[in-house]
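Residue numbers (this note's numbering): 340 to 1177.
Beta carbons are placed, not taken as given, at the ideal position from N, Cα and C, and that holds for glycine.
Since we're looking at a predicted model, the values are computed, not measured.
For reference, the structure discussed in these notes is given below.
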């Protein structure tokens, strides 16, 4: 592959040096797949690869579009209207509500810089618009196409088309000109740079290349048609030793031909079962799980040889001569030596953001191990995409999609190795006029080259604006603020003041940055990156912004926020850490370009970033004490009480609010109770807690008061309690009855023992304890066995809420109890509700 051809190098520069979307196309055999692999390995950008089908995704080394973006398979309509398609998704809001995007997936989208979509010819217009909506929303960049992510779209529009069933297209056609990606709304607004790889590496014969071009462009000449007609031979039957493969339109035709020929071979069939590990969906299998082969069977290699000798390639055909469990030997035409074929491993990958570097990594989550061979008497045209055959029999008389005949013809190296089993009708030769017009609208290569200069300069400006922009920080702070406002009762009163203080700091930074960006833009318009005035201004501004960012980071590290809830503390900690990381990363980038700003230095700093230590924990059970002091507060006693509380919690494995909340500790220091009667008046010390822990707190308070000459102020508290009791009649505290059962459970009592002590049924006790499943203080497997959980969860997947749990229990029989069903169903429902933040 000539990686320095003009289109190849031009496409590389657009990807690495600009942020423009690129549509890389080219006739069959021009090197599109090679370009994808090279960019993926060499680009400095954070890249992810997706494709429309499972097999295409595996071959490209990526994920399917729908799994990566968590897209529903329903058609997406860009506007709400009189939708006729059942289960269609109308409008941005409905799409966002249907997408289950976990925190880890959001992080991947936020770090993404380059999205490669392979086999773009098969991607439908509404899918492109749905991707655009998802990226804009979850990257908090609603005004930029695809949320600021650069796209590399690879494929040949003259090959396989997107699937749009008649009833789907009837609805979609109200919004789109055609089903193709280039007629999506986002692509119409900002078309990609069109670059075509024009050097053909598959075919060498000029006549055949000319015929293929004519078929491609819907202008097959009489001479070209005549050349194809000469290859028509309906009765052709190749000799057994000739490596012909039949390309047909449907799976059943290929399977029939392969099965018939395999049956005629003497000897017994040997079955090879693929070894599958981890996550590897069946629809992503690169070939049959159970591979039936025989000595004498004609086979095709479906991967390239990874060894130095490169003895086989994807599409090479041979015959099996020997085979055992671990090795198959294949003889290819005009070769004397047998090819030893071992097992090949296909990998299913998942993208994750490294917690330490914030870089996008590929993690292998599943493997498929099998011999890279497929029966090769016949193959579908669809599966032949990307393959090269020296000899092929084409049966495309039933071609059902535009582009299929071109795909089949272009698999062949020359006319001499081509046989037409059926006559190609004129209708199947016609390519869609939308594709032809789109191809004709491309710019000349010289114009694309000239535009590269201005696109590079624009990209540098974009990087600078991105660097000195704090809107992402403010969006993350807004998430934190929304969470606090939703659960404000769980947090200390100082939380709102802290969040307001951080917002004021970031608002000030954003205001200054907007002015700074204008200055840089004006200087950049009149200079290149080596301009001294521009670099001086960047250096001076970098020093200022880095100092201000460090001030915000310092304040975050000294946060006064505190909560008694473990669950709320975890969410708040995570959101606060995300803000911390964004700021730390920005500080690192600014430092990296302070001396000399360039694209290379920007990405060098990006890849050198390591997340600094972050030890903030707002949970009261671990957090260093922080409070608002009053004239009655005793700071030393407060710390002593906190230490005692944490000691009890650790010994009994309890959350802090189960022993004494932060508010309760403050009351103890303010009113100084000295006996059981006194402490029972403190908020949070009911009968149960007083009996369990009251004496230990009283001993500490009494000793402190004696040592410091202090007297109890409990009388002041009694006045307040009397007033409250008049306003609020006593009610049965349902939380306390759950708490009592929980404390018995944590003290080692069984459910039946607790039921006996409390004179309640075991089902009622189980109901009490189920409350603490949601808070995470009891694990589900402590109450229900793993075997029962699996049985119940499997039934819940297809469970209809209208029938009720009693019906579900009846269906499951005596293998589980009703209490088991109720608890697992409750956790199953809760896990679905919490999936957005898991």
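Check, Outcome
"Residue 430 - DSSP class collapsed to helix/strand/coil", "coil"
"Inter-stretch contact at 8 Å, needing at least 3 Cβ pairs: the segment 580-597 / the segment 718-738", "yes"
"Burial state of residue 886, where buried means 16 or more other Cβ atoms lie within 10 Å", "exposed"
"Assumed close pair residue 620, residue 641 - CB separation to whole angstroms, cut-off 8 Å", "Not really, about 18 Å apart at Cβ, beyond 8 Å."
"Sequence-distant residues of its chain with Cβ nearer than 6 Å to residue 427 (five each side left out)", "413, 414 and 416"
"Start-end ranges of the alpha helix (DSSP H) lying completely within the segment 366-402, minimum 4 residues", "371-381 and 393-399"
"Alpha helix (DSSP H) segment containing residue 347, residue limits", "345-356"
"Reduced DSSP category for residue 1111 - H, G, I as helix; E, B as strand; rest coil", "helix"
"Assigned secondary structure, residue 1130 (DSSP; H/G/I helix, E/B strand, else coil)", "helix"
"Rounded C-alpha distance that separates residue 871 from residue 934", "11 Å"
"Residue(s) in a DSSP beta bridge with residue 639", "656 and 713"
"Own chain residues within Cβ distance below 7 Å of residue 921, not counting five before or after", "811, 812 and 815"
"Three-state class that DSSP yields for residue 705 in the structure shown", "strand"
"Buried or exposed by the 16-neighbour rule on C-beta atoms within 10 Å, applied to residue 598", "exposed"
"Residues that residue 923 bridges to, as DSSP identifies them", "Answer is none; residue 923 lacks a bridge partner."
"C-alpha distance - residue 661 paired with residue 636, whole-angstrom precision", "10 Å"
"Beta-carbon proximity list for residue 1154, same chain, < 8 Å, skipping 5 on both sides", "1127 and 1130"
"Cα-Cα separation, residue 589 to residue 658", "24 Å"
"Residue 463 (DSSP reduced to helix, strand or coil)", "strand"
"Rounded straight-line distance, which links the Cα of residue 938 to that of residue 799", "7 Å"
"Rounded distance between the beta-carbons of residue 654 and residue 727, thought under 8 Å", "5 Å"
"C-alpha distance - residue 1030 paired with residue 901, whole-angstrom precision", "27 Å"
"Cα-Cα separation, residue 345 to residue 558", "27 Å"
"Nonlocal neighbours in the same chain, by C-beta distance under 8 Å from residue 354, ignoring five residues either side", "361, 378, 382, 384, 453, 489 and 491"
"Residue from 1023, 696 and 518 whose Cα sits closest to the Cα of residue 507", "518"
"Bridge partner(s) assigned by DSSP for residue 689", "702"
"Delimiting residues of the beta strand (DSSP E) encompassing residue 680", "678-680"
"Beta carbon of residue 903 nearer than 8 Å to that of residue 1032", "no"
"Same chain only: Cβ atoms within 8 Å of residue 1003, ignoring 5 sequence neighbours per side", "1021, 1022, 1023 and 1024"
"Cβ neighbours of residue 1173 in the same chain (closer than 8 Å, five flanking residues each side left out)", "Any reading at residue 1173 must be qualified, since the residue scores a pLDDT of 38, below 50, and its modelled position is unreliable; the value itself is stated next. Excluding positions up to five away in sequence, the list is empty."
"Three-pair Cβ contact test at 8 Å for the segment 490-504 versus the segment 434-449", "no"
"Beta-carbon separation (whole angstroms), residue 710 vs residue 667, contact threshold 8 Å", "6 Å"
"Beta-carbon proximity check, residue 570 vs residue 758, cutoff 8 Å", "yes"
"As assigned by DSSP and simplified to three states, the class of residue 973", "coil"
"Anticipated Cβ contact below 8 Å, residue 853 with residue 993, distance rounded", "With 8 Å as the limit, residue 853 and residue 993 do not qualify as a contact, their Cβ atoms being about 50 Å apart."
"Span separating the alpha-carbon of residue 878 from that of residue 932", "8 Å"
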